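Heads up: the sequence shown runs through residues -23 to -1, 1 to 328, numbered per mature numbering (1 follows the signal peptide of the UniProt record, and there is no 0). Glycine included, each C-beta is placed from N, C-alpha and C at the ideal position. Only a predicted model underlies this, so the values are computations on that prediction, with no experimental measurement involved. For reference, the structure discussed in these notes is given below.
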Amino acid sequence: MKKLAAAAMGISLVLGLSSAAHAQALTPIKISYQPSLYWALPFHIATEKGWWKDVGLAPEFSTFPAGVPQIAASAAGSWDVGGTGSVPAVLGHVRFGIKTIGVTNDESAANGLVGSSKAAADFAKDPAGALRGKTITLTQNSTADFAVQACLKKYGLKKSDVVMKNMGQAEIISALSSNNSDLAGMWAPNTYTVEEKAGAKMLCSGKDSGAIVPGALIARGDYAKQNPQNVAKFLAVYLRAWSWMSVNRPEAIRMMKDFYAKGGVSISDAAMNKEFDTRPTFTLAQQLKNMERTGGAANSKMDGWFTELSGFMRETGAVQQVPAVADFVTDEYLKLVQADAKLRDMANSTK
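And the structure:
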């Protein structure tokens, strides 16, 4: 009996050491994002499914209410990789050397100018007249800011033709709901919240005005340089989540509801389905195609998107000059995914 007990103890010890060794083999990676957003859902799904462990990563998440504070936090090295809006991504490059390593989704239809029911009625009669001289509450240096200003141009207006008041998205929701604001720049799912609970309406989106609003996958420049394989693994897991969601929408919607609720957001199933229907995402092959440059020039589709965004930021004074997209938009890490059979298969897996 003593021999059996000793043997059992020995087996338990071996298994325990093996388990500990496996846990120690996981590499920590600090991931930043903004909660309750469509493009951030892959982080939640990958965690629930346990996919990070499949590539040897142990994610440590940090969340921010908007892109500007998220970018500022990179200075202290509080995160390694993540997702953000494309406007903050440009700002992050200029101020902190952050790299844009892919696209989260096309959120052109999800960012724009929202109006109360009264403002919507006036806008339907005379868009320019309904906007001129009015106050628009928005989050400055955000994708919603970019979309709103594109909408102003569509109707022959300049930024100086309106009054822009800086507010966080939560404050804007409150202002619209209490009739203290009639016009606002917002992004989804906040747009759905005010549509469903305050009777507001999207008056003009980035898509309506011809402004492409890509979301950005980002990495701190020094981290990416020192840990290229970790960045590639991060991308593979993120893309796997989109691949899986593309063929498992009902389950993804259920997980989305839980993810949004944790961030204090409650929207209808119809609105959640609208997120899927109106916000294109990109496979590994599509990501690489969008970032493909020819003739040694920065002439990819993605280069064009970020050049336009950078021009907007120069106009607003957020940056002093338009940065060269080749300095911060890079497909280096997506190519590492493509070149690695395991990571490539993971990125494309729908299981």
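Between residue i and the rest of its own chain, which residues show a CB-CB distance below 7 Å, the 5 nearest in sequence each way excluded?
i: A2; result: G33
i: G192; result: W16, G60, G62, S63, V80, T81, N82 and E84
i: P19; result: Y215, A218 and W219
i: L134; result: A105, L108 and R109
i: M141; result: I113 and L115
i: T4; result: G33, L34, A35 and N207
i: S51; result: G69, F73, I75 and R197
i: A98; result: none
i: I25; result: It should be pointed out that residue 25 corresponds to Glu in this sequence rather than to Ile. If we look at E25 and ignore the five residues flanking it on each side, its Cβ neighbours are M232.
If you compare alpha carbons, which of the options is closest to residue i?
i: V171; options: L153, M268 and N207; result: L153
i: N207; options: E25, Q263 and P36; result: P36
i: C128; options: K184, K30, R321 and F305; result: K184
i: V296; options: R72, G133, L216 and S63; result: R72
i: K312; options: I230, G241 and F211; result: F211
i: L320; options: A188, W16 and W29; result: W29
i: R109; options: A86, K136 and E173; result: K136
i: K7; options: R197, I230 and T114; result: R197
i: G294; options: V64, H21 and A23; result: V64
i: N250; options: Y215, E228, E25 and K142; result: E228
i: T114; options: A23, S151 and G273; result: S151
i: A53; options: F20, Q126, D199 and A23; result: D199
i: D304; options: A318, A274 and N325; result: A274
i: N267; options: T307, V214 and Q47; result: T307
i: T168; options: V139, A105, G106 and S245; result: S245
i: M279; options: G133, A188, A175 and H21; result: A188
i: F253; options: P104, R231 and F123; result: R231
i: A248; options: K234, F123 and E25; result: K234
i: G27; options: N325, K102 and Y215; result: Y215
i: W282; options: V190, Q263 and E25; result: V190
i: A23; options: D317, F259 and A213; result: A213
i: A105; options: T116, A86 and Q126; result: Q126
i: F259; options: Y310, N325, A318 and K111; result: N325
i: L265; options: D31, A50, Y310 and Q47; result: Y310
Return the Cβ separation of residue i and residue j in integer angstroms, given the expectation that the two are a contact with Cβ distance under 8 Å.
i: D83; j: P205; result: Not confirmed; about 26 Å, so no contact.
i: K131; j: S186; result: 4 Å
i: I149; j: A165; result: That pair is no contact at about 13 Å.
i: L14; j: F100; result: That belief does not hold up - the Cβ atoms of L14 and F100 are roughly 26 Å apart, past 8 Å.
i: V177; j: V91; result: It is worth fixing the name first, because residue 177 is Ala in this sequence and not Val. Indeed, because the Cβ distance is near 5 Å, the residues count as touching under 8 Å.
i: N157; j: A121; result: Incorrect: roughly 18 Å between the Cβ atoms, too far for contact.
i: R217; j: M323; result: 5 Å
i: Y203; j: L261; result: The question names Tyr, but residue 203 is Gln in the sequence shown. Q203 to L261, Cβ: 24 Å. No contact.
i: A96; j: A107; result: 6 Å
i: K111; j: V139; result: 6 Å
i: A49; j: T255; result: About 30 Å separates the two Cβ atoms, so there is no contact after all.
Enumerate in chain order the residues of its own chain whose CB-to-CB distance from residue i is below 6 Å, with the five nearest sequence positions on each side excluded.
i: T327; result: S220, W221 and V224
i: T284; result: V302
i: V299; result: S287, G288 and R291
i: V242; result: S13 and P166
i: A201; result: K76 and V208
i: S237; result: With the sequence shown as reference, residue 237 is identified as Tyr, and Ser is not the correct amino acid for it. Taken in chain order, the residues that qualify are S13.
i: S277; result: M268, E269 and R270
i: A175; result: L153 and S154
i: H21; result: F236
i: K239; result: none
i: Q47; result: S9, F41 and T61
i: N143; result: Q117
Going by DSSP, what residues sit across from residue i in a beta bridge?
i: P257; result: Its beta-bridge partners do not exist; DSSP assigns none.
i: C128; result: Partner(s): none; C128 has no beta bridge.
i: Y10; result: T40
i: S182; result: G89
i: V80; result: A193
i: W164; result: N88
i: N143; result: L115
i: T4; result: L34
Leaving out the 5 sequence neighbours to the left and right, which residues in its chain are closer than 8 Å to residue i when beta-carbon positions are compared?
i: I195; result: V58, G59, G60, T61, A66, G69, I75, K76, T77 and I78
i: S55; result: K7, S9 and S39
i: N118; result: G44, V45, V64, P65, L68, M290, T293 and A295
i: P42; result: Q11, G145, Q146 and A147
i: H(-2); result: Because H(-2) sits at a pLDDT of 48, beneath the cut-off of 50, its placement in the model cannot be relied upon, and the point is left open.
i: D31; result: V214 and M323
i: E173; result: I244, S245 and A248
4-residue-minimum alpha helix (DSSP H) runs that sit fully inside the stretch 37 to 62, ordered along the chain: Runs of the alpha helix (DSSP H) spanning 4 or more residues and lying entirely within the stretch 37 to 62 occur at 44 to 50, in chain order.
Curious, which full-length beta strand (DSSP E) runs of at least 3 residues does the stretch 293 to 326 contain? Here no run is fully enclosed.
Whole beta strand (DSSP E) runs in the stretch 187 to 225 with 3 or more residues, listed along the chain? Whole beta strand (DSSP E) segments, 3+ residues: 191 to 196.
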